[in-house]
Amino acid sequence: MEVNDTDVRRERCDPDRPAHPGVFLTREAGKSDHQPAGLSVDFPVSVVLPAGGTGERTGLRTPKQFCSLLGRPLISYTVQAFERVSWIQSVVVVVAEENMDLMTDVVQRFRHTKVRAVPGGSTRHRSIWNGVLALGEGEGEGAVVIVHDAVRPFVDEDLLYKIATAAKEHGAAGAIRPLVSTVIATTSEGYLDHSLERAKYRASEMPQGFTYDVISRAYQRRGSTQSFTICPADRSPTSGSKCSESDFEFGTECLHLALQYCGTNAKLIQGPPTLWKVTYKRDLAAAESIIKDALSRSACVITGGSASGAALAGALREAVGALGTELEVVPDLRGENARCLAKEGNFILVSVGPSRPSEVEALLTELEAANRALLHPLVVIWVHMSDSDELSVSGRAAAVMDLSSAAKLRNILLYGIQLHPSKDAERWERSVSRVAELTSVLIRDRSPALVGQLLQA
Ligand SMILES: Nc1ccn([C@@H]2O[C@H](COP(=O)(O)OP(=O)(O)OP(=O)(O)O)[C@@H](O)[C@H]2O)c(=O)n1
Ligand SMILES: O=C(CO)[C@H](O)[C@H](O)COP(=O)(O)O
Numbered sequence: 025m026e027v028n029d030t031d032v033r034r035e036r037c038d039p040d041r042p043a044h045p046g047v048f049l050t051r052e053a054g055k056s057d058h059q060p061a062g063l064s065v066d067f068p069v070s071v072v073l074p075a076g077g078t079g080e081r082t083g084l085r086t087p088k089q090f091c092s093l094l095g096r097p098l099i100s101y102t103v104q105a106f107e108r109v110s111w112i113q114s115v116v117v118v119v120a121e122e123n124m125d126l127m128t129d130v131v132q133r134f135r136h137t138k139v140r141a142v143p144g145g146s147t148r149h150r151s152i153w154n155g156v157l158a159l160g161e162g163e164g165e166g167a168v169v170i171v172h173d174a175v176r177p178f179v180d181e182d183l184l185y186k187i188a189t190a191a192k193e194h195g196a197a198g199a200i201r202p203l204v205s206t207v208i209a210t211t212s213e214g215y216l217d218h219s220l221e222r223a224k225y226r227a228s229e230m231p232q233g234f235t236y237d238v239i240s241r242a243y244q245r246r247g248s249t250q251s252f253t254i255c256p257a258d259r260s261p262t263s264g265s266k267c268s269e270s271d272f273e274f275g276t277e278c279l280h281l282a283l284q285y286c287g288t289n290a291k292l293i294q295g296p297p298t299l300w301k302v303t304y305k306r307d308l309a310a311a312e313s314i315i316k317d318a319l320s321r322s323a324c325v326i327t328g329g330s331a332s333g334a335a336l337a338g339a340l341r342e343a344v345g346a347l348g349t350e351l352e353v354v355p356d357l358r359g360e361n362a363r364c365l366a367k368e369g370n371f372i373l374v375s376v377g378p379s380r381p382s383e384v385e386a387l388l389t390e391l392e393a394a395n396r397a398l399l400h401p402l403v404v405i406w407v408h409m410s411d412s413d414e415l416s417v418s419g420r421a422a423a424v425m426d427l428s429s430a431a432k433l434r435n436i437l438l439y440g441i442q443l444h445p446s447k448d449a450e451r452w453e454r455s456v457s458r459v460a461e462l463t464s465v466l467i468r469d470r471s472p473a474l475v476g477q478l479l480q481a
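For the sequence shown, the numbering used here gives the first residue as 25, with consecutive numbering after it.
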């Protein structure tokens, strides 16, 4: 059911996007550098993630929320962004009936814990309403419901907090961005009718937040007799009118329903550019690129304790650091150094002297035991520094290839680099900078084609 990496056209991400968009890749709250610490709210917050669409505009058969980015469906990244926020209680994912099993599989495979899947409707509004109904009145009067498109994976806790607290205070709140293009109205013959003054308008994005009472009333269908109390944030609700079938069929804006049917003027909050919605096929490649950036921020170098290993690691730290990846250097993973196993990041294992594939095997076993490759593939680079070895060059290359097959089964991408030591300072420097370049490229690009290759530096 998954779309291969090759299905997705490679494309660099928009330069307007920040290098570190706050994509949360660790499982637990508080583990990311970009996670604001200590946020909490004193009211219940639940989330509805509409994921019941078909993704027609991507042109792919698989709905975009189930397309695979680095071996993991897009929806799992979005779920994780909410699941790791400690003050969010539950997440309702709304999926089309025929994708229910697929969603259950995602929840089990990626060990999501706060998630419940419910069936969607034929339009986004119908799906959202099904999600709100699934939350039920048990949410209580004081509860806040955050609605967020399942196909906007890069949302951070800071913005969720602003949206939730503003929704609590004002009844509704939504994220906005400045418009990129001017909006114009056309005549039915295809001529310009008029254009809007761009500076006065904003693009409405997600997340949006509502008190449970406001979102429930906003979606009350005409003919429904259920009544709700008027919340304090209300201003002049449209006299007695209720959401119509036409709203459910053609509407694109929940904030509009809150205004029209509850008289609630949503508080608007500017969000980061990474809030954008994956809509076209190229957006999947851009999302993958952002995830790769986030995954390539750090690596741990294990030197084996030798002086030459430490010297290489020191030189690499500078060169790779300049290319954007922070390196932590440790002699081994014993005692205190085992903390590296718990951290986000990749691994560079430096071997000096004869090839010892058992060292690599031991590292792979430790990474598997630490569950390090559960959510996304991990990069391990074996840098081998020796001229004299009982294994020939082809023997070493075969060893890397064999090890990489075993690693692949554990969701680990293993690459080899052969460094030829030299007493000539200039040659040595050139080799080290080649190792740095190769390391950066391998960590950043995670090329499947180079897995198991022994590259020469
Ligand atoms: N009947 C629907 C239609 C859409 N959505 C969800 O609403 C979000 C935003 O909608 P959109 O980007 O339009 O998604 P699709 O409808 O899937 O895309 P397209 O319009 O290209 O078919 C998506 O997470 C989508 O899965 C939904 O839950 N139920
Ligand atoms: O921008 C939005 C704010 O409400 C929605 O995400 C959008 O309307 C839903 O996507 P689409 O219109 O593409 O179905």
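The beta carbon of each residue, even a glycine, is placed where N, CA and C say it ideally should be.
Outcome for residue i when other beta-carbon atoms lying within 10 angstroms are tallied against a minimum of 16
| i | result |
| --- | --- |
| Asp-165 | Reading off the sequence, residue 165 comes out as Glu, not Asp. Exposed, since its Cβ has fewer than 16 Cβ neighbours within 10 Å. |
| His-444 | exposed |
| Glu-52 | For Glu-52, the pLDDT reaches just 46, beneath the cut-off of 50, and the residue's location in the model is therefore unreliable, although a value from the coordinates is still provided. Exposed, by the Cβ-count rule. |
| Tyr-439 | buried |
| Lys-88 | buried |
| Asp-448 | exposed |
| Glu-450 | exposed |
| Gly-358 | Before going on, a small fix: residue 358 reads as Arg here, not Gly. Arg-358 should be labelled exposed. |
| Arg-85 | exposed |
| His-218 | exposed |
| Ile-314 | buried |
| Tyr-236 | buried |
| Ala-366 | exposed |
| Ala-188 | buried |
| Leu-308 | buried |
| Arg-470 | buried |
| Val-459 | buried |
| Val-204 | exposed |
| Val-353 | buried |
Strand pairing of residue i, partner residues [DSSP]
| i | result |
| --- | --- |
| Val-116 | Val-72, Arg-140 |
| Ala-430 | Beta-bridge pairing links Ala-430 to no other residue. |
| Thr-210 | Leu-216 |
| Glu-350 | Ser-322 |
| Pro-202 | Arg-226 |
| Val-238 | According to DSSP, which records beta bridges pairwise, Val-238 is partnered with nothing at all. |
| Lys-291 | Ala-197 |
| Trp-300 | In the DSSP output, where bridge partners are listed per residue, Trp-300 has none listed. |
| His-408 | Ser-375, Gln-442 |
| Val-490 | The shown model of the chain, from 25 to 481, leaves out residue 490, and the question about it has no answer. |
| Asn-370 | Ala-323 |
| Pro-97 | Ser-92 |
| Gln-232 | Val-171, Gly-198 |
| Arg-176 | DSSP lists no partner for Arg-176. |
| Arg-245 | Cys-267 |
Closest Cα partner of residue i within the set the options
| i | options | result |
| --- | --- | --- |
| Val-168 | Arg-81, Ala-449, Ser-268, Val-65 | Val-65 |
| Thr-78 | Val-354, Asn-154, Ala-120 | Ala-120 |
| Val-142 | Ala-75, Tyr-185, Ile-200 | Ala-75 |
| Ser-265 | Glu-277, Ala-282, Thr-276 | Ala-282 |
| Thr-463 | Trp-452, Ala-473, Pro-472, Ala-481 | Ala-481 |
| Asp-426 | Val-407, Leu-402, Gln-477 | Gln-477 |
| Arg-96 | Asp-129, Val-115, Glu-80 | Asp-129 |
| Leu-73 | Arg-176, Pro-378, Asp-307, Glu-352 | Arg-176 |
| Arg-468 | Thr-82, Leu-319, Gly-214, Gly-144 | Leu-319 |
| Ala-394 | Gly-295, Val-376, Leu-63, Ala-362 | Ala-362 |
Range of the contiguous beta strand (DSSP E) that encloses residue i
| i | result |
| --- | --- |
| Ser-151 | Looking at the DSSP string, Ser-151 is not in any beta strand (DSSP E); the run it does join, the alpha helix (DSSP H), is 148-159. |
| Val-109 | That residue, Val-109, is in no beta strand (DSSP E); it is neither H nor E in DSSP. |
| Tyr-439 | 436-443 |
| Val-171 | 168-171 |
| Leu-63 | No beta strand (DSSP E) contains Leu-63, which DSSP labels as neither H nor E. |
| Gln-480 | 478-480 |
Residue range of the alpha helix (DSSP H) that includes residue i
| i | result |
| --- | --- |
| Phe-274 | 269-274 |
| Val-384 | 381-393 |
| Leu-466 | 449-469 |
| Leu-279 | 278-286 |
| Leu-365 | 363-366 |
| Asp-125 | 124-133 |
Chain C within 9 Å of residue i, Cβ atoms only
| i | result |
| --- | --- |
| Arg-396 | Within the model displayed, chain C is absent; a lone protein chain is all it includes. |
- Query: Would you call the region 231-243 and the region 286-293 touching, i.e. three or more CB-CB distances under 8 Å?
  - Reply: yes
- Report yes or no: do the region 368-379 and the region 319-336 share at least 3 C-beta pairs separated by less than 8 Å? yes
- Are at least three pairs of beta-carbons, each pair with one atom in the region 134-146 and one in the region 99-109, less than 8 Å apart? yes
- Taking contact to mean at least 3 C-beta pairs separated by less than 8 Å, is the region 108-126 in contact with the region 65-74? The region 108-126 vs the region 65-74: in contact.
- Message: I'd like to know if the region 225-236 and the region 291-299 are in contact, where contact means that at least 3 CB-CB pairs between them fall below 8 Å.
- Response: The region 225-236 and the region 291-299 touch, with no fewer than 3 CB-CB distances between them shorter than 8 Å.
- How about the region 272-281 and the region 147-155: do they share at least three Cβ pairs that are nearer than 8 Å? yes
- Message: Three Cβ pairs or more, each shorter than 8 Å: is that satisfied between the region 389-409 and the region 328-336?
- Response: yes
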